[in-house]
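J.:
Residue numbers (our numbering): 11 to 296.
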């Protein structure tokens, strides 16, 4: 079966954290938005269950925090048990309880987690990580590469199990000296992928060919960062739209975008950890 990588983002935009670098910090969705998000997610889950002619890898990329909402936990559990789903993952701040993952297929379900100093204590975050370890859940841990986060990142790396990949996102609008880049690269050998935007216009990309971005209403785009619509998930028009494509943007500076740029070869770096941002063999990059 042909693989298809799906990034899904519904209406949800609320978050329980107040990170100064995030425009969605502490946003509260009204009940109508939450109802719409739940309905959209259930519709997407029905589509995923019925689409058995593709091997699906799914990453939920909500603007807000999804795992505080029951319907995300239930949907990840449901999709993890489908035989044609290779991976189902979500980006999360790991604030929500983790016990629900005991009901998921942990060979399929995974988490892309981010540690936000100032929003949660290191001890509490590491306690959640230990819960995931005990459950046998595959996960990565990330942090935004701000100067004030460096000491925390070093402590985090020292306290996480060596098998857990710690990734660092370059902070938006922040330039890095050679020494700063070296310090962050010592923690994340792939930091160089994030620290400078990738010139991408005209380069071949998997997005729009074997990877798509889906909104809550079923709108399909090649990726989150190219606004042109190539079809709709629920009328089947996305199928005929899939084809080899070149990136139309001048540059790509977000991991969930540039990981699909063919010349970078990052699918080979991440392999089956692509959706949860886990490098295939960590020891090769450390």
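Ideal Cβ positions, reconstructed from N, Cα and C, are used throughout, including at glycine.
For clarity, every value in this text was computed on a predicted model and none was experimentally measured.
Anyone know if the C-beta pair for residue 118 and residue 91 falls short of 9 Å?
T.: For this step, residue 118 is matched to residue 108 along the chain shown. For this step, residue 91 is matched to residue 81 along the chain shown. Residue 118 is a Cβ neighbour of residue 91, given a cutoff of 9 Å.
J.: Go to residue 41, then tell me how far its alpha helix (DSSP H) extends in each direction, as first and last residue.
T.: Within the chain shown, the letter at position 31 stands for residue 41. Where residue 41 is concerned, the enclosing alpha helix (DSSP H) starts and stops at 41-60.
J.: Going by C-alpha to C-alpha distance, which of 166, 29, 130, 20 sits closest to residue 39?
T.: Stepping through the chain shown from its first residue, residue 39 is reached at position 29. Selected option, being the one with the closest Cα: 20.
J.: Kindly indicate the opening and closing residues of the alpha helix (DSSP H) around residue 22.
T.: Translated into positions along the chain shown, residue 22 becomes position 12. Careful: residue 22 lies outside any alpha helix (DSSP H) and carries neither H nor E.
J.: Answer yes if the segment 208-215 comes into contact with the segment 178-190, meaning at least three C-beta pairs across the two stretches below 8 Å, and no otherwise.
T.: no
J.: My output table needs one value for residue 296: the three-state DSSP class, helix, strand or coil.
T.: In the chain shown, the residue the question calls residue 296 occupies position 286. Its pLDDT being 47, under 50, residue 296 is placed unreliably in this model, and the value from its coordinates should be taken loosely. Of the three classes helix, strand and coil, the one that applies to residue 296 here is coil, per DSSP.
J.: Pick out whichever of 99, 52, 286, 203 has its Cα sitting closest to the Cα of residue 263.
T.: As a position in the chain shown, residue 263 is number 253, starting the count at 1. Residue 203 is the option with its Cα nearest to residue 263.
J.: Considering just the uninterrupted stretch of the alpha helix (DSSP H) at residue 280, what are its terminal residues?
T.: Here the question's residue 280 lines up with position 270 in the chain shown. From DSSP, the alpha helix (DSSP H) with residue 280 extends over 276-280.
J.: Apply the 10 Å Cβ neighbour rule to residue 11 and answer buried if 16 or more other Cβ atoms are within range, or exposed otherwise.
T.: On the chain shown, position 1 is the one that residue 11 refers to. Its Cβ having fewer than 16 others within 10 Å, residue 11 is exposed.
J.: Nearest CA to the CA of residue 7: which residue from 130, 15, 81, 94?
T.: With the chain represented from 11 up to 296, any question about residue 7 goes unanswered, as that position is not in the structure.
J.: On the three-state DSSP scale, how would you describe residue 96?
T.: In the chain shown, counting from the first residue as 1, residue 96 sits at position 86. Reduced to three states, the DSSP call for residue 96 is strand.
J.: Based on Cα-Cα distance, which residue from 59, 234, 260 lies nearest to residue 96?
T.: Numbered from 1 along the chain shown, position 86 holds the residue referred to as residue 96. Selected option, being the one with the closest Cα: 59.
J.: With respect to the alpha helix (DSSP H) encompassing residue 137, which residues constitute its N-terminal and C-terminal limits?
T.: Taking the first residue of the chain shown as 1, we reach residue 137 at position 127. From DSSP, the alpha helix (DSSP H) with residue 137 extends over 132-145.
J.: Can you give me the start and stop residues for the beta strand (DSSP E) that residue 149 sits inside?
T.: Residue 149 sits at position 139 when you count from the first residue of the chain shown. 148-155 is the span of the beta strand (DSSP E), which, as asked, contains residue 149.
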